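Visitor: Here it is: the structure, laid out below.
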Amino acid sequence: MRLAIFDDHRLGVVVGDTVVDVTDALPWPHEPDPLLAGWWRGLCRDFAVLAPALEGAAANGRRLPLDSVRLGAPG
């Protein structure tokens, strides 16, 4: 699974030349800054538990062309 941060610090799964927004699959509220909010650390810490929900969201979510989003770093 290839993860990406895009647009307004949304979490996405890259599938080919698309990205699927899986932010809402996280078990905590979305905050605009992943490092300050701690959700990026939580994602790294709990990835084994969260991966099935992220995979499900990626399989069922709307795919956005990568060239239509602004990719960013987690911090």
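Reminder that position 5 of the sequence shown reads as -10 in this note's numbering, one-by-one numbering, no gaps. Beta carbons: idealized from backbone N, C-alpha and C, even for Gly. As the structure is a prediction and not an experimental result, all values here were calculated from the model.
1. Looking at the strands, I want to know which residues DSSP matches up with P50.
2. Among the residues of its own chain, which have a CB less than 7 Å from the CB of V54, if the five just before and after it don't count?
3. For W24, count neighbouring Cβ atoms within 10 angstroms of its own Cβ and tell me buried if that reaches 16, exposed if not.
4. Give me the residue from D52, D9, L49 and N45 with the minimum Cα distance to G35.
5. Would you kindly report the start and end of the unbroken beta strand (DSSP E) that includes L(-12)?
Guide: On the basis of the coordinates in this document:
1. T3
2. F(-9), D(-8) and V4
3. buried
4. The question names Gly, but residue 35 is Leu in the sequence shown. For the residues D52, D9, L49 and N45, the minimum Cα distance to L35 belongs to D9.
5. R(-13) to F(-9)
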